[in-house]
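I have placed the structure first, in the form of structure tokens, so that the comments after it can refer back to it.
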Amino acid sequence: MASVVLTVVGTAVGGPIGGLIGGLVGRRVDQAIFGGVASRIIEGGRLKDLTVQTSAYGESVSRVYGTMRLPGNVVWSSGLKETRSEKAEGGGGKGGGQKVTTVTFTYSASFAVALSGREISDVGRIWADGKLLRDSAGTLAVGGALRIYNGTDFQNPDPLIEALEGANNVNAFRSLAYVVFDDLELGEYANRIPNLTFEVIADPGGKILLSAIISDICALSRVPFYDADDLDQLVSGYIISGPVKSRSAIEELAQIYNFDVVEQENGLLFRTLDRVSDVVIAPDDLAMPSGRSGTGDKITLTRTQDLDLPREIGLSFIDPDRNYQTGHQRARRLNVASDIVRHNAVPLVMSSDQAKSFSEIQLDLAWAGREVVSFNLPHKYADLLPGDIITLTIDDEPQDFLLQETETGLQGLSCLAVKFSRSLLNRNSFADSGPVPLQQVEPLAASQLFVLDMPTITGENVTSPALFWAVAAGPGKWNGAGLYISRDNDQTYTQIDFSAVEGVSGVVENILTEGPTAYWDDVNDLLVRLDNPDHSLFGETADAVLDGANIAWVGGEIIQFRQAVLEMDGRFRLSGFLRGRRGTERRVSGHGTSEVFVLLTPATVNAAGMNFSDIGQTRHFKAVTAGGNVEDVSPANHDFSAEILKPFSPVHVYASRDSGGTLTLKWIRRSRVGGDWLDNADVPLGELFEKYDIEILDGSTVVRTLTSDMPEITYPANLQVNDFGAIQASLDLRIMQISDTVGRGWPLKVDNI
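Each step along the sequence shown adds one to the number in numbering that gives the first Met the number 0, with nothing skipped, and position 517 is 516.
In structure tokens:
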């Protein structure tokens, strides 16, 4: 007796993890597909297996075909990496206010996730806890890097794993497709590795021939001879997850793609049912059933009653239009007596239209297959195989049947077949996947760095070097930026500060000409176009400005302004200035075009601690958006002079000469600390000691340097003769206050005194 089989093996299909075991199994093409009351369980891949990430030793690894969304198995992890950040705010001693240091911690992890025991082409989108982590362009929503290993037989170990575990202790996971997340930031996922699902593109173009899937299953099952060339359908995606028997995998594919399998002497033959009749049986060739004689019917027809046929057939599948989540479609017959509902769930990727068509095809085949015929044929039909499509003439009408069984006896062949029509396999149905929320990875905004080597804005007492900085965010996602410094000429970088607030910055589109520093500059104005159109500038009263409002950096000069008017073209026109604030009067002249404008507020301007060894050195800085990579940002070079510690230049120098030509100079010191005029009190010194250097100039040459520990000095006539050859009627000189930490402060240049 011959019958249709779906496979000759029962091997568990796994991959490089999990062996292939099983034995010889056969099966009839019974009424589970073509109607009838027989019941059968087909255990293939489960859709619920495609949602939950695992991390277990010995876990089965899936085999992916086409394109599929699936979880993975975490096969290696470095554990959580904790990053500690400090941010100091406030002053210190000498009335500078309390200094508050805020310590924050962020966490990241590096780990590897196994995806497929079959070589893959690429990895597309990735979801973390259901939210898009990586888009199709490869952009990650959070900080970190991703490396993809396609599962080749010659792939090398991941360098990160090798660095952490040792060169001789690392598995290259050859023949296993996996990914490695390098320092993935976990702040958005409750500081844990999230549940990840991956859009795995296993084959070029994202689709694969059904024959290639069948061939791979047969090869894994060590079937020596098989022919699946007839199965030319394109499959969008399929997965074998877990220890699934190859018979079950082929059966669930046969349910959808309507093919049969017959065992021949030279192996297995896979044939599509969408084909013309293989044999037309002549009416005269039909023999009477055994034990009958005379002129009775040569064909016995059995018809299943309506109550035993399905009213509805449903299909659960993987819908690419729903981001590869489960979709459901069904076909239903109205006005029938049956209440039977059948439901299939397959780990196949298909559109809603295809799923609807498949459901309707299965329902039509079930109702068509209610008619079962038995008949006898002579030995000349001995070549007939179960699964052949034959044509019988019943009531003078040729009808197609699918041969299920043949049994050879002395009188010929006894056959069993079910009603079949090729036309039922071609349906073009239409269905809707339903609404799906659009998910996009918002690209990280670039951070524009402004290095502001300047005095404190508030006049607080600072005794350690620091650098002020601000950052502007471009379009995109921005959750702050870290300031990184390189002290080895752009080789390695270390984070020294972080800002969660975007600065108010822009470009000056006219030239700020020189103006007074001792009173209001009501002549000049500034045209500023802000970097962020959502930002704004506002005017303040004169009293508010004198109290510290509307202070800004313009090309190195610190100014304040009273008026800010929004022009029609989107620019702000600023006027009513106080110039050369906080000791920057040396930069009142010499402004150029397209200078940087930064509004200086405690909330948007940050102070990053520096080392004394940085003073006088060129350092490289980067502002890296939270979640970005340091390597992707171009550095900004700066010669750090620690202006925050430099004494201001003295002012109001007064000169007098006696009758012998001796010159006496007096001046008024200024202080970088405080500086407000208080009744019955002098301004703070701001340094450990009071000391000045006075350089006597002959053109640009320094001919003598005098020192003083008070704001006055005497330049005797005899020294003038030694330096110039005669007593000088006028002199050029520079006066500088000395700092105990950075040396000379900014000079007061005096000519012809």
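We treat Cβ as the ideally placed atom computed from N, Cα and C, and that holds for glycine. Just so you know, these numbers come straight off a predicted model, no measurement behind them.
In the three-state reduction of the DSSP assignment, residue 330 falls in the strand class, which pools E and B. Here residue 354 carries a helix assignment [DSSP, helix/strand/coil].
Residue burial annotation: residue 567 is exposed, with fewer than 16 other C-beta atoms found within 10 angstroms of its C-beta. Between residue 464 and residue 613, the gap from beta carbon to beta carbon is short of 8 Å. A Cβ-Cβ distance of about 17 Å is found for the pair residue 639 and residue 671, leaving them out of contact under the 8 Å criterion. Rounded to whole angstroms, the gap between the alpha carbons of residue 385 and residue 304 is 25 Å. Counting C-beta atoms within 10 angstroms of its own C-beta, residue 328 has 16 or more neighbours from the protein chains shown and is therefore classed as buried.
If you look at residue 346, you'll find it isn't in any alpha helix (DSSP H); it sits in the beta strand (DSSP E) that goes 339 to 348. The beta-carbon separation of residue 507 and residue 526, rounded to 7 Å, stays under the 8 Å limit for a contact.
Burial check for residue 642: the Cβ neighbour count within 10 Å reaches 16 or more, so the residue is buried. Residue 654 has its alpha-carbon roughly 10 Å from the corresponding atom of residue 713. By the Cβ criterion, the segment 585 to 604 is not in contact with the segment 623 to 636, since fewer than three pairs of Cβ atoms, one from each stretch, lie closer than 8 Å. For the 8 Å CB-CB criterion, residue 358 and residue 312 form a contact. The criterion of a C-beta distance shorter than 8 Å is not satisfied by residue 261 and residue 272.
If only uninterrupted beta strand (DSSP E) runs of at least 3 residues are considered, those enclosed by the segment 629 to 666 are 635 to 638 and 650 to 656. For the pair residue 651 and residue 731, the Cα-to-Cα distance works out to about 15 Å. A straight line joining the alpha-carbon of residue 493 with that of residue 485 spans about 7 Å. Burial state of residue 518 is exposed, judged by a 10 Å Cβ sphere holding fewer than 16 other Cβ atoms. The alpha-carbon separation between residue 516 and residue 79 amounts to approximately 55 Å. Residue 661 and residue 716 do touch by the CB rule: their CB atoms are close to 5 Å apart, below 8 Å. Contact between residue 689 and residue 709 holds, with the beta-carbon distance rounding to 7 Å and staying under 8 Å. Residues 73, 75, 76, 77, 179, 180, 183 and 192 of the same chain have their beta carbon placed closer than 8 Å to that of residue 110, with the five preceding and five following residues left out of the count. Listed in chain order, the beta strand (DSSP E) elements of length 3 or more contained wholly in the segment 374 to 419 are 388 to 393, 396 to 408 and 411 to 418. In chain order, 454 and 557 place their CB closer than 6 Å to the CB of residue 581, counting only its own chain and leaving out the 5 sequence neighbours on each side. A straight line joining the alpha-carbon of residue 701 with that of residue 692 spans about 12 Å. When the Cα atoms are used, residue 479 and residue 606 turn out to be separated by approximately 15 Å. Counting along the chain, the unbroken alpha helix (DSSP H) around residue 722 starts and ends at 716 to 723. Residue environment analysis places residue 152 among the exposed positions, since fewer than 16 neighbouring C-beta atoms fall within 10 angstroms of its C-beta. Apart from the 5 residues on each side of it in sequence, residue 565 sits with its Cβ closer than 7 Å to the Cβ of 571 in its chain, given in chain order.
By the 16-neighbour rule on beta-carbons within 10 angstroms, residue 597 is buried. Residue 406 counts as exposed, since fewer than 16 other C-beta atoms from the protein chains shown sit within 10 angstroms of its C-beta. Sequence-distant partners of residue 440 (beyond 5 residues in either direction) whose C-beta falls short of 6 Å from its own C-beta, in its chain, are 131, 134, 138 and 140.
Nearest in C-alpha terms to residue 66, of all of 202, 503, 500 and 751, is 202. Under the DSSP assignment, residue 736 falls in the beta strand (DSSP E) whose first and last residues are 731 to 738. When the alpha-carbon of residue 695 is set against those of 724, 112 and 749, the nearest one is in 749.
Boundaries of the beta strand (DSSP E) around residue 529: 520 to 529.
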